[in-house]
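Here is the structure we will look at, set down as structure tokens.
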Amino acid sequence: MGSANGLTNGRGGHPLFAFGVITDVQYADIPNGHSFLGVPRFYRHSMLVLQRAVKSWNNNKNLNFAIHFGDIVDGKCPKDQSLNAVKKVVDEFENFKGPVYHMIGNHCLYNLPRDKLLPLLKIPNLDGGRAYYEFSPAPGYRFVVLDGYDISAIGWPHDHPKTLEALKFLRERNPNSDKNSPNGLEGLDRRFLMFNGAVGEEQMEWLDCVLRDATNMKQKVVVCCHLPLDPGASSQEPLLWNYDEVMDVIHRYDCVKVCLAGHDHEGGHSIDSHGIHHRVLEAALECPPGHDIYDGGHSIDPHRIHHPVLEAALEYPPGTIMLEQME
Ligand SMILES: Nc1ccn([C@@H]2O[C@H](COP(=O)(O)O)[C@@H](O)[C@H]2O)c(=O)n1
Ligand SMILES: O=P(O)(O)OC[C@H](O)CO
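Residue numbering for the sequence shown follows the numbering used here, beginning at 48 and increasing consecutively.
See the structure below:
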């Protein structure tokens, strides 16, 4: 089964490569709770979901790597346990017999500052806490991992220019005293919340260079970010503040075929005006005990948990993504 940009569902054709995916593990050694809107969250069980994912990835001998889309530990984790909790989850990922890539989410930053977090997550930190990077898992392909909290009111020191820029940005767009509240904001403006962030100017220039280089090298690109980049694949509140500017850069080139994200726990999928697939993955945290995203049995609530076979059919099997014939 082909799709708009040549991705297929793994039932035919020649696989280019496959990789394990999981997002929003948000582990904490605390009792079950719920989101602000009342959706149940299973903080301890998410570790089991991860363990099963790793087992399933290892059983599938053909995965090139695994990637977690951020929020490794929940913000409710007692702060004196943050370091050990992050280490515990990273160790679990390390049981995967292959490279593992991480990115930062808001909950990571509620727990630890960037200088502590980045080395633990093995995010290359070459330049003052930046958390964007790229890698090539197979010839002709490049993965670009964006830092959606580059401009953010969380994670940088309180007096850091990026914190101040983010607070100014929020003040100008969100009149609520609780900057996590979207009350009164209309439509896409509902994304101007403190638990989101933006890609800054320097990162934007870096992205432009990487995409120009990939185009020259005739490489195809998958863009990964904790925060979703397309309103068609996500509700309004979790979007990257400047998703539109990032997409303008991406749309200048023809090399990006897929954008993957987490953060919007329900998940979603869209194909944008340029034929790029956007897939937001469902949160491991909200998988109820007794069920498993990665059991492949599909005996669980398909609305919340099972990675459904989408129109673009990116998953093969659940918990992995296989790319084929990206043209
Ligand atoms: N509709 C909403 C959603 C969230 N908030 C605020 O954000 C905080 C985090 O939300 P979670 O979904 O992670 O629980 C929450 O504590 C609220 O302050 C909101 O105001 N309105
Ligand atoms: O990052 P969280 O877990 O606070 O949740 C983000 C929400 O799902 C966005 O609507």
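A virtual CB, placed ideally from N, CA and C, is assigned to each residue, including glycine.
Within the region 78-130, the runs of beta strand (DSSP E) at least 3 residues long that lie entirely inside it are, in chain order, 110-115. Burial of N221 is indicated by the presence of at least 16 other C-beta atoms within 10 angstroms of its C-beta. Inter-segment contact for the region 140-159 and the region 213-227 is absent: fewer than three beta-carbon pairs are separated by less than 8 angstroms. The count of Cβ pairs closer than 8 angstroms, one atom from the region 322-338 and one from the region 277-285, reaches three, so the stretches are in contact. The criterion of a C-beta distance shorter than 9 angstroms is satisfied by L332 and V72. Annotation for L211: the continuous alpha helix (DSSP H) segment containing it runs P208 to R220. In this structure, D319 places its C-beta atom within 9 angstroms of the C-beta atom of D277. For F66, the secondary structure class from DSSP, reduced to helix, strand or coil, is strand.
Closest in alpha carbon position to L97, among G122, Q128, G117 and V303, is G117. Counting only residues of its own chain and dropping the five nearest sequence neighbours on each side, N79 has a CB closer than 7 angstroms to the CB of P87, R88, F89 and Y90.
Secondary structure at R189: strand, using DSSP grouped into helix, strand and coil. DSSP places E141 in the helix class (H, G or I) of the three-state scheme. For E233, the Cβ stays outside the 8 angstroms cut-off from all heavy atoms of ligand 1. What you get when you keep residues with a C-beta closer than 5 angstroms to any heavy atom of ligand 1 is S82, F83, N227 and S228. V136 is not a Cβ neighbour of L307, given a cutoff of 9 angstroms. By the C-beta density criterion, P184 is buried, having at least 16 other C-beta atoms within 10 angstroms.
In the displayed model, R259 falls within a helix according to three-state DSSP. By the neighbour-count criterion, in which a residue is buried when 16 or more other Cβ atoms sit within 10 angstroms of its Cβ, R299 is exposed. Only residues of its own chain outside the window of five on either side were considered, and among them G67, L110, A113 and F143 have a CB closer than 6 angstroms to the CB of W104, listed in chain order. Cβ contact annotation for P171 (same chain, cutoff 7 angstroms, sequence separation greater than five): Y180, in chain order. C-alpha of N289 to C-alpha of N263: approximately 26 angstroms in a straight line. Cβ-Cβ distances below 8 angstroms link L235 to P278, Q283 and L286 in the same chain, with the five nearest sequence neighbours on each side left out; the list follows chain order. Between H81 and the set K108, Y196, L95 and K123, the nearest pair of CA atoms involves K123. Rounded to whole angstroms, L193 and G309 show a C-alpha spacing of 12 angstroms. A Cβ-Cβ contact shorter than 9 angstroms links G202 with I151.
Contact check for C272 against G195 passes: the beta carbons are separated by less than 9 angstroms. At a cut-off of 8 angstroms, the beta-carbon of S129 does not count as near ligand 2: no heavy atom of the ligand is closer than that. Using a cutoff of 8 angstroms, the CB of F239 does not count as near ligand 2, since none of the ligand's heavy atoms is closer than that.
Within 10 angstroms of the beta-carbon of H205 lie fewer than 16 other beta-carbons, which makes it exposed. Annotation: H273 is outside any beta strand (DSSP E) and is labelled neither H nor E by DSSP.
Of the residues assessed, G85 falls on the exposed side of the cut-off, its CB having fewer than 16 other CB atoms within 10 angstroms. Y148 is bridged by DSSP to I114. Per DSSP, R161 is one residue of the alpha helix (DSSP H) stretching across R161 to L167. As the crow flies, the alpha-carbon of G337 is around 13 angstroms from that of M94.
By the beta-carbon neighbour count (other beta carbons within 10 angstroms, threshold 16), F83 is exposed.
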